[in-house]
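Novice:
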Amino acid sequence: MNRSSLCFSLTGATIAENLKDIEKYHCYCDLYELRADCLESLSISALTSFPTKVKKPVILAVRRAVDGGHFKGSENERCGILRRSLASGYRYVDLDEDFQDQKTEQAALAGGVTIIRSFYDFSGVPAYLDRRLSNIKRNPGEVIKAAVMVQNTQELLKLVEQALELKAQDGWGNRIILGMGPMGFATRVLSTLLGSSITYSSAPGRQAAPGHVDPQTLVDLYRFPLIDEDTRIFGVIGNPVIHSESPGLHNRGFSLRAIDDAVYIPFQVDNLGAFFQLAEVLDIRGVSVTIPHKQGVIPFLSSRDKDVEAAGACNTIVWGDGLRRGYNTDIAGFMAPLKESMGGAIPAGFRAAVIGAGGAARAVVYALRKEGVEVLILNRTVARAKELAALFDCSYGSLREQERIADFSDLIVQTTSVGMNREDPEYDPIPGYSFKGSEIIYDIIYIPRLTPLLKRAAQSGCRVINGWEMLTAQAAIQFKLFTGQDLPGQAN
Ligand code: NAP
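The opening position of the sequence shown corresponds to residue 33 in the numbering used here, with each subsequent residue numbered one higher.
1. Should the stretch 227 to 244 be called in touch with the stretch 259 to 271, which here means at least 3 C-beta pairs below 8 Å?
2. Do you know offhand how far R170's Cα is from Q506's?
3. W500 lies in the alpha helix (DSSP H); which residues open and close that run?
4. Going by beta carbon distance, what residues of the same chain come within less than 8 Å of K512, once the five residues before and after it are set aside?
5. Within the present structure, is the beta-carbon of I477 separated from the nearest heavy atom of the ligand MG by less than 8 Å?
6. For A389, verify whether its CB is less than 8 Å away from any heavy atom of the ligand NAP.
7. For my contact list, R95 and F103 are in at a C-beta cut-off of 8 Å; report their separation, rounded to the angstrom.
8. Does the pairing of the stretch 324 to 334 with the stretch 471 to 483 give three or more beta-carbon distances under 8 Å?
9. From N184, S36 and V405, pick the residue whose C-alpha is nearest to that of L4; which is it?
10. Measuring straight from C-alpha to C-alpha, what distance separates E403 and A311?
11. Are R123 and V90 touching if we call contact CB-CB under 9 Å?
12. Quick one: measure Cβ to Cβ for I147 and E174, integer angstroms, because I've assumed they're closer than 8 Å.
13. Pull up the DSSP beta-bridge partners for F40, would you.
14. On the criterion of 16 or more Cβ atoms from any shown chain inside 10 Å, does N360 qualify as buried, or is it exposed?
15. Taking 9 Å as the threshold (C-beta atoms), are L165 and T136 in contact?
16. Go ahead and pull the three-state DSSP assignment for Y474.
17. How would you label C59, buried or exposed, when you count the other beta carbons within 10 angstroms and need 16 or more for buried?
18. Flag N108 as yes when its Cβ comes closer than 8 Å to any non-hydrogen atom of the ligand NAP, and as no otherwise.
19. Pop quiz: L38 and E65 are said to be a contact at Cβ under 8 Å. What is the actual Cβ separation, rounded to whole angstroms?
20. What does the Cβ neighbour count give for I462, buried or exposed, with the cut at 16 atoms within 10 Å?
21. With respect to the alpha helix (DSSP H) encompassing V445, which residues constitute its N-terminal and C-terminal limits?
22. Quick check: G388 and I363, are their CB atoms within less than 9 Å of each other?
23. Pick out whichever of E433, T46, R149 and V340 has its Cα sitting closest to the Cα of V386.
24. Under DSSP, the beta strand (DSSP E) around V350 begins and ends at which residues?
25. Under 8 Å, with one C-beta from each stretch per pair, do the stretch 339 to 349 and the stretch 249 to 258 reach the 3-pair mark?
26. Considering only their Cβ atoms, is the gap separating V445 from V496 smaller than 9 Å?
27. Could you tell me the distance, in whole angstroms, from the CA atom of R436 to the CA atom of G285?
28. Just list the residues that DSSP pairs I297 with in beta bridges.
29. If R394 sits next to A343, beta carbons under 8 Å apart, how far is it from one beta carbon to the other, in whole angstroms?
30. Using 10 angstroms around the beta-carbon of V313, count the other beta-carbons present and answer buried if the total reaches 16, otherwise exposed.
31. Distance check for S223 and I113, CA to CA, integer angstroms please.
32. Assign R163 to one of two classes, buried (16 or more other C-beta atoms within 10 Å of its C-beta) or exposed (fewer than that).
33. May I ask you to report which of helix, strand or coil DSSP gives N411?
34. What do you reckon, is the C-beta of Q506 under 8 Å from a heavy atom of the ligand NAP?
35. Using a threshold of 8 Å, is the CB atom of K418 nearer than that to any non-hydrogen atom of the ligand NAP?
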């Protein structure tokens, strides 16, 4: 079966920098693209000697600013550089769709250099991508390439449909179709499935195009070499979602369980209707659902478990037998580490303060009430605390009333986003509460593992539980729903 090649775009300011990057990533990629426009000095001798210094095929590209590159010279200069360099061992040359210099093209063809005829659209996905692609091809044997910025989920759907249509019409072949930006990320991982002969990557911090990840991430995290037409696609939908830890958890789980026909991808989604169409087109088998879609997905489900009904939020969807089944694994995921820390059961008369009244608090409050725990909800916006309290028969108040926590302090659950990605003490949402040392403090934030609140609680002798424990516990239930197997334990 045909597979996409993994290209490493070299965007270093010097050849030495590029060679250093190659040393680090060479075992993950099949070919290189030398982005000569990124070099601070364009010496012809450096360009002509480059292919002999590396052991893999090289694409030569001198990209203009209009195509997302850095070349600042005249078109004559650019053509001169290309003409004088490309016969020195380059396998491909990247020429833009409006490239006019016949002599350069002839030099490429005479030297056996394959032309990649490319167009870039940073404004969105063109309506008739197929026509545009067939119009840009000038010589037989050229590879045609479209790199287009995916602005929304509807555009991702359009791009995927067009790529699959072209593949069905013309078969696997000399074609590269890639979606730029976080919304287009799936097209980079699924390039084999979409019929693209090359996918691109670049070094961290020196991205050659929006949405690139480094080659090691594509191989080790996103299982790029294993993906083909039989791969089962899973993922996480959210907005934003590119920094989610779920792809790491699930893809590592697939590897540890030797499940070679599955991949888990982040889908940044701004339109659920379009996503559910995309899910049919790509035959997606299951997704995790995160902020802000946990409530929005519910009308799209064929069935929902009792936890989805009760919490009014769904964080897992599994496709099968023509149905979309919705589950909420946050509830059991929240409860698992809590019960474990308490020896398996929650004693009668247990009282808890829940800080926050957002989507996650809803699952937490429902889980606690199901166990008979008396709950006080404190939130910055009191109306939200009141609404949640009314649903589950709890006490409520303002986050300013922190003295009230003392009466509910067997357990304090922190569910706001205060302290997320923060280490400094001012990101403690309840600075007015002094720990006795007997409380259990559970912060559901998972980055950092030790939030300012948990640090203070641990220093006071409290038992602490972090959000990573909840995340992995809920992911384990999802993994079982997705694959029927247990998620192997993973390091904190
Ligand atoms: P959400 O629905 O947007 O709710 C955010 C909550 O934080 C609301 O109660 C909000 O109060 C409060 N808040 C935000 N900024 C605040 C501030 N500056 N001061 C005081 N309160 C503030 O979000 P969510 O879905 O509940 O998620 C909340 C957190 O839980 C996130 O950090 C998320 O990563 C984490 N989480 C973790 C897991 C896990 O598995 N470990 C699962 C789900 C969520 P208002 O109502 O006043 O705006």
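C-beta: ideal position from N, C-alpha, C; glycine also.
Specialist: In this structure, then:
1. no
2. 53 Å
3. G499 to T515
4. D518 and L519
5. Among the ligands modelled here, namely the ligand NAP, the ligand MG does not occur.
6. yes
7. 6 Å
8. Short answer: they don't touch.
9. As shown, the chain starts at 33 and ends at 524. That puts residue 4 outside it, with no answer to give.
10. 36 Å
11. yes
12. 5 Å
13. Y64 and S233
14. When all chains shown are included, N360 counts as buried.
15. In this structure, L165 does not lie closer than 9 Å to T136 by Cβ.
16. strand
17. exposed
18. Taken from the Cβ of N108, every heavy atom of the ligand NAP lies 8 Å or farther away.
19. L38 to E65, Cβ: 11 Å. No contact.
20. With at least 16 other beta carbons inside 10 angstroms of its own, I462 counts as buried.
21. Element bounds for V445: not the alpha helix (DSSP H) but the beta strand (DSSP E), L443 to Q446.
22. no
23. E433
24. T348 to G352
25. Verdict: no, contact absent.
26. Taking 9 Å as the Cβ cut-off, V496 and V445 do not qualify as a contacting pair.
27. Using only the alpha carbons, I get a separation of about 42 Å.
28. G267
29. Your pair R394 and A343 checks out as a contact, with CB atoms roughly 5 Å apart and the cut at 8 Å.
30. exposed
31. 31 Å
32. exposed
33. strand
34. yes
35. no
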